[in-house]
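Here the structure comes first, spelled out in structure tokens, and everything after it is commentary.
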Amino acid sequence: MEAIYAHPKSLKPIQTKYCPGCGHGVIHRLIAEVIDELGVQEKSVLLNPVGCSIWADLYFDFDSVQVPHGRTPAGATGIKRMLPDHLVICYQGDGDLAAIGTGEAVHAANRGEKFTTIFVNNAIYGMTGGQMAPTTLVGQKATTAPFGRDPVDAGMGYPVKVLEMLATLEGTKYLARGAVNNVVNVRKTKQYIKKAFEAQLRGEGFTMVEILSQCPTNWGMDPVESNAWLESSMMPVFKLGVLKDELSVSANKEAGK
Amino acid sequence: MAQEKRLMKGNEAMGEAAVRAGCQAYFGYPITPQNELTAYMARHMIEKKRTFIQAESETSAINMVFGAASTGSRAMTSSSSPGISLKQEGISFSCGADLPLVIINVQRAGPGLGGIAPAQGDYFQATRGGGHGDYYHLVLAPKSVQEAADLTYEAFDLAEQWRMPVMVLADGMIGQMMEGVSFKEPKDPAKMPRKPWAVGHQKNREANHIASTQLDPEKFNIVIDERFRRYDEIKAKMQRYEEQECADADLVLVAYGTSARVSLGAMQMARELGLKVGMFRPITLWPFPEKRLSELADPKRKFLCVEMSKGQMIQDVRLTLNGRSEVSFFGRSGGLIPTEEDLLAEIRRILNK
Amino acid sequence: MTEKTFMAGFGGQGIISMGQLWVYCGMKEGLEVSFFPFYGAEKRGGIARASVIVSSKEIASPLVTTPDSAIVMNMDSLPLCEENLKPNGIMLVNSSLVKTSPKRKDVKVVNIPCNEIAESIGDVKFANMVMFGALAKATGALKLDKLEEVLVSFFGEGKSKFVPLNMQAIEEGKKAVAV
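Following this line, the structure appears as structure tokens:
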């Protein structure tokens, strides 16, 4: 008989604390599946960021390190430089990466640090209860943007497009944006993650996969509505696809076979 | 075996000592008056194929150290006062995660951007847990280039022994001056034992998680209690000091680092005048050497705390002596180093001689 | 024996290297030494000062406030050195550039035309080494008995070709101090 389902080895068989419809669970599973496929569970280290995914170390069955809010790329730099043959995953939310830790992210990318950032962009602060994120859309409501994000009169700025910003840096080698709102996008996102991890293990430069993810609780929607909102509102601003691929030919050949 | 003496700046000597202690990774950001240390590490770490990164900020530097230390590697950073303020977040997290790492603070005058001249205004920050939360870490205070090298070398061992950051609290004088220094034997980082708690190489064991968070107050209380039992053990075993001519002293000068050098000079001048003056020099600022200082308390003996600040260590001196001896203060701030002559005048004033 | 020296001049006169060589020689002669520099914020042409101590016992404050000997390499440094020098201390004055006589009568003043002597050797840059020799002779703090060997290790292999001229400058400086 052919096995059509198995729980990933790198993910503990327990229920997560994430809200119904939250994207973190799916993203965790994709990471765990890729790690299993690459056979690197014993050589993986995840940095779990401040935010809802601070719980990631409860679910992933491999080593983890938790640094202060936003310092995730700095911590990942220290770990990867000491363990160059390991898979180091810098898991970051939009606040961690694009607000408090912008400096760390930009400079790690610019140095071409050889770890992979998984950037979970849900356009809102989850754990602290729905505050405006750097990626919150114009007009989107948040507890700290009660009348909607207003870049002009209230001076709240515009959604930060992280990949587009990092693409100008020579140290970045692979930047792709996926989403987890439907099966097709989930599968594509998994391919991006796999390509980034393989590139990292080959010792190529900085790799990042941004993933548009749902936060039904703080968006004030049910899970089904939130899938639709992600597509209708987020995707026009944060375009899906591979934004930069300067990986070596061998990396691309392997991914294509 | 001790090597032949070399003439070096304190900053460079601390760098060489760290390299010899098997430091595998250095992360720093330029700031005066400790720049020679960062430059020394750049040259010697890269030459030895170890890790050196000029970080984008102090905040990043300490968190790179945090990451490297999480793998069980010997890692350090260095800075001066304003930069150390920025590192406090990372130091609090390191204490919360029980990570061994080494931090060197070549103090300059503050607050704010302040000046670049030597000062001792970071005593509170260093010894009280300068970041948020309930914690302490070892603080070692060298008085000379030789001691700066020796304490830096030892700091890596102490950090691992006690599973905590160790701060070497120097100042601009110790960093910038040159003295003769000999070094201990170099250690090979490749031969250091792997730490059972570290991340990486997860073979035949449960996953290791380096973290400082615990949202259950009951459980967190237990974690902190356990850490404080370790602090008690450190207080029992680690108090270090140097004592000169205290036995018959009517007045004991209490000073650390550069201030202790000035105090030594003033003490010698006072003794030549027939004044019974001694000196007590804490080498560990945390734990403060309260056991021995307390033994010296006597209603007939006075104490004079000498600092390059407006008076910070004096609080520990007063707490220790607990009203049993009179304590007064002599200090200079803003980057001034007190002179032996001015201190002697104060000694004579106190002793009415 | 403890010899506390205060050296003062302007940036570019070699105050720092003179002080470093002084303590390096002291260290090689088995003495305790300390060297603490002070520069102006300017990279060139500002003030340059050094607190320099060689001693047979542990050195107290590395900051020299009441020197046993003072080196005055330029005009601007004279008032400061005069103010601090210990009574009966030795003041070594670069008479090539310092044309005023010190006012104090309780110190021993030794005038050395460092620049002229250095120029006669071939380069005014050796003025600091001329003064170095004079300091050794006038204070007697250092023996300088293995000078060549010490200079070679101080300058390093790459710059050892400068050793003979430096030695000559130091010798001329010694000679310039009247016995």
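Chains as they are written, first to last, in my numbering: chain A, 1 to 257; chain B, 258 to 610; chain C, 611 to 789. All C-beta atoms in this analysis are idealised placements derived from N, C-alpha and C, irrespective of residue type, glycine included.
Inter-stretch contact (C-beta, 8 Å, three-pair minimum) for the region 196-208 of chain A and the region 131-148 of chain A: no
Candidates B:I361, B:D355, B:I604, of which the one nearest L530 of chain B by Cα: Taking the second sequence and counting its residues from 1, the one referred to as residue 530 of chain B is at position 273. Of B:I361, B:D355, B:I604, the residue nearest in Cα terms is B:I604.
Chain C contact for Q377 of chain B (CB, 9 Å cutoff): Locating residue 377 of chain B in the second sequence gives position 120, where the first residue counts as 1. Q377 of chain B does not count as touching chain C.
Cutoff 9 Å: Q281 of chain B Cβ touching any chain A Cβ: For the purposes of this step, residue 281 of chain B is identified with residue 24 of the second sequence, where counting begins at 1. Yes - at least one Cβ of chain A is within 9 Å of the one on Q281 of chain B.
Status (buried if at least 16 other CB within 10 Å, exposed otherwise) for T710 of chain C: Taking the first residue of the third sequence as 1, we reach residue 710 of chain C at position 100. Exposed, since its Cβ has fewer than 16 Cβ neighbours within 10 Å.
When B:Q364, B:A455, B:D414, B:R497 are compared against A325 of chain B, the one with the closest alpha-carbon: Here residue 325 of chain B corresponds to residue number 68 of the second sequence, with the count starting at 1. Selected option, being the one with the closest Cα: B:A455.
CA-to-CA distance, G387 of chain B to F381 of chain B, given in whole angstroms: Locating residue 381 of chain B in the second sequence gives position 124, counting from the first residue. Locating residue 387 of chain B in the second sequence gives position 130, counting from the first residue. Using only the alpha carbons, I get a separation of about 7 Å.
Continuous alpha helix (DSSP H) stretch holding W632 of chain C: start and end: To locate residue 632 of chain C, count along the third sequence from 1; it is residue 22. Residues 625-638.
C-alpha gap between S611 of chain B and H394 of chain B, whole angstroms: Outside the displayed range of chain B (258 to 610) lies residue 611 of chain B, so it cannot be described from this structure.
V249 of chain A to M302 of chain B span [Cα, whole Å]: Sequence index remark: in the first sequence, residue 249 of chain A carries index 249 (1-based). Sequence index remark: in the second sequence, residue 302 of chain B carries index 45 (1-based). If you take the alpha carbons of V249 of chain A and M302 of chain B, they lie about 33 Å apart.
For T615 of chain C and E598 of chain B, believed in contact at Cβ under 8 Å, the rounded distance: Your numbering for residue 598 of chain B matches position 341 in the second sequence. Your numbering for residue 615 of chain C matches position 5 in the third sequence. Rounded, the Cβ-Cβ distance is 17 Å, inconsistent with contact.
Bounding residues of the beta strand (DSSP E) (the contiguous stretch that carries N362 of chain B): Against the second sequence, residue 362 of chain B aligns to sequence position 105. Segment 358-364, the beta strand (DSSP E) holding N362 of chain B.
Nearest to L707 of chain C (by Cα), restricted to the options C:V787, C:S770, C:V734, C:A788: Here residue 707 of chain C corresponds to residue number 97 of the third sequence, with the count starting at 1. Answer by Cα proximity: C:V734.
Nearest candidate by alpha-carbon position, reference P68 of chain A, set A:V40, A:K12, A:L97: Numbered from its first residue, the first sequence carries residue 68 of chain A at position 68. Looking at the Cα atoms, A:L97 is the closest of the given residues.
N-terminal and C-terminal residue of the beta strand (DSSP E) that E583 of chain B is part of: Stepping through the second sequence from its first residue, residue 583 of chain B is reached at position 326. Looking at the DSSP string, the run of the beta strand (DSSP E) that includes E583 of chain B is 583-588.
Nearest-angstrom Cα separation, counted from K559 of chain B out to A746 of chain C: Counting from 1 along the third sequence, the entry for residue 746 of chain C is found at position 136. Counting from 1 along the second sequence, the entry for residue 559 of chain B is found at position 302. Roughly 43 Å separates the two Cα atoms.
Nonlocal neighbours in the same chain, by C-beta distance under 8 Å from I79 of chain A, ignoring five residues either side: As a first step, residue 79 of chain A is located in the first sequence; it is residue number 79 there, counting from the start. The answer, listed in chain order, is V45, L47, V65, H86, V88, F115.
For F238 of chain A, the three-state DSSP class (helix, strand or coil): Residue numbering aside, residue 238 of chain A sits at position 238 when the first sequence is read from its first letter. F238 of chain A falls in the coil class under three-state DSSP.
Integer Cβ distance of A76 of chain A from C90 of chain A, believed to fall under 8 Å: Mapped onto the first sequence, residue 76 of chain A falls at position 76. Mapped onto the first sequence, residue 90 of chain A falls at position 90. That belief holds up - the Cβ atoms of A76 of chain A and C90 of chain A are roughly 4 Å apart, short of 8 Å.
Cβ pair count under 8 Å reaching 3, the region 397-414 of chain B against the region 479-487 of chain B: no
Interface flag, H107 of chain A vs chain B, CB-CB below 9 Å: As a working note, residue 107 of chain A is residue 107 in the first sequence. It does; some Cβ of chain B falls within 9 Å.
Test: A74 of chain A CB closer than 9 Å to a CB of chain B: In the first sequence, the residue the question calls residue 74 of chain A occupies position 74. For A74 of chain A, the answer is yes, since a Cβ of chain B falls inside 9 Å of its Cβ.
Short Cβ contact (9 Å threshold) for A512 of chain B with D428 of chain B: Residue numbering aside, residue 512 of chain B sits at position 255 when the second sequence is read from its first letter. Residue numbering aside, residue 428 of chain B sits at position 171 when the second sequence is read from its first letter. No, the Cβ-Cβ distance between A512 of chain B and D428 of chain B is not below 9 Å.
Bridge partners - V160 of chain A, DSSP secondary structure assignment: Working through the first sequence from its first residue, we reach residue 160 of chain A at position 160. Partner(s): none; V160 of chain A has no beta bridge.
Alpha-carbon to alpha-carbon, T515 of chain B and V664 of chain C: As a working note, residue 664 of chain C is residue 54 in the third sequence. As a working note, residue 515 of chain B is residue 258 in the second sequence. The straight-line gap from Cα to Cα measures roughly 18 Å.
Backbone CA spacing between L510 of chain B and E758 of chain C [nearest angstrom]: Counted from its first residue, the second sequence places residue 510 of chain B at position 253. Counted from its first residue, the third sequence places residue 758 of chain C at position 148. Roughly 44 Å separates the two Cα atoms.
Inter-residue spacing [alpha-carbon to alpha-carbon] between M258 of chain B and K441 of chain B: For the purposes of this step, residue 258 of chain B is taken as residue 1 along the second sequence, with counting starting at 1. For the purposes of this step, residue 441 of chain B is taken as residue 184 along the second sequence, with counting starting at 1. Note that M258 of chain B scores 44 on pLDDT, short of 50, meaning its location in the model is unreliable and no value can be drawn from it.
Within chain B, partners of M637 of chain C - CB distance below 8 Å: Looking up residue 637 of chain C in the third sequence gives position 27. What M637 of chain C touches in chain B: K262, L264, G437.
Assumed close pair Y59 of chain A, T16 of chain A - CB separation to whole angstroms, cut-off 8 Å: Translated into positions along the first sequence, residue 59 of chain A becomes position 59. Translated into positions along the first sequence, residue 16 of chain A becomes position 16. About 6 Å; that satisfies the 8 Å criterion.
Neighbour list for F560 of chain B in chain A, Cβ cutoff strictly below 8 Å: Walking along the second sequence from the start, residue 560 of chain B turns up at place 303. Those do not exist, as F560 of chain B stays about 40 Å from chain A at its closest Cβ, beyond 8 Å.
Beta carbon of N738 of chain C nearer than 9 Å to that of S627 of chain C: In the third sequence, the residue the question calls residue 738 of chain C occupies position 128. In the third sequence, the residue the question calls residue 627 of chain C occupies position 17. Contact: yes.
Straight-line Cα distance separating L631 of chain C from M271 of chain B: Taking the first residue of the second sequence as 1, we reach residue 271 of chain B at position 14. Taking the first residue of the third sequence as 1, we reach residue 631 of chain C at position 21. If I take the Cα positions, the gap works out to 22 Å.
Listed by chain order, chain B residues near V762 of chain C by CB distance under 9 Å: Counting from one through the third sequence, the residue named residue 762 of chain C turns up at place 152. Result: empty, since nearest Cβ-Cβ is about 15 Å, beyond 9 Å.
Anticipated Cβ contact below 8 Å, T308 of chain B with Q291 of chain B, distance rounded: As a first step, residue 308 of chain B must be located in the second sequence, where it is residue number 51. As a first step, residue 291 of chain B must be located in the second sequence, where it is residue number 34. Rounded, the Cβ-Cβ distance is 19 Å, inconsistent with contact.
Inter-residue CB distance, M526 of chain B and Q501 of chain B (contact presumed, cutoff 8 Å): As a working note, residue 526 of chain B is residue 269 in the second sequence. As a working note, residue 501 of chain B is residue 244 in the second sequence. Rounded, the Cβ-Cβ distance is 13 Å, inconsistent with contact.
8 Å Cβ cut-off: residues of chain C touching V519 of chain B: Start at 1 with the first residue of the second sequence, and residue 519 of chain B comes out as number 262. Simply A670, S671, L673.
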